[in-house]
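In the numbering used here, the protein residues as written are 12 to 90. Heads up, the thing below is written out as structure tokens.
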């Protein structure tokens, strides 16, 4: 239960911090994803580098036909 609450409230805290800091980096994921949807070509191919946890890769996979993901830092690239 505690982890579930943290998972739901963490984005709210990130949004509040982003707004209170005058919309400075780092932006929350929803902001980044909105920019990607605005500028990427529908049904296009996406190449993502620096995958880390795969959240953006997952988002791109739900919205675009092909997604190529590269993690240049070897310890993070091995799952």
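Glycine residues also receive a C-beta, built at the ideal position from the N, C-alpha and C atoms.
Problem set entry | Close-in-space but distant-in-sequence residues of the same chain around residue 56 (CB under 6 angstroms, 5 per side omitted) | 77
For this session: Compare the Cα-Cα distances from residue 39 to each of 17, 60 and 66 and report the closest residue.
Result: 66
For this session: Could you tell me the boundaries of the alpha helix (DSSP H) in which residue 68 lies?
Result: 66-74
Exercise. Rounded C-beta distance between residue 58 and residue 79? I'm assuming under 8 angstroms.
Worked result: 5 angstroms
For this session: Identify the continuous alpha helix (DSSP H) that holds residue 50 and give its terminal residues.
Result: 40-50
For this session: Mind checking who residue 77 pairs with in its DSSP beta bridge?
Result: 56
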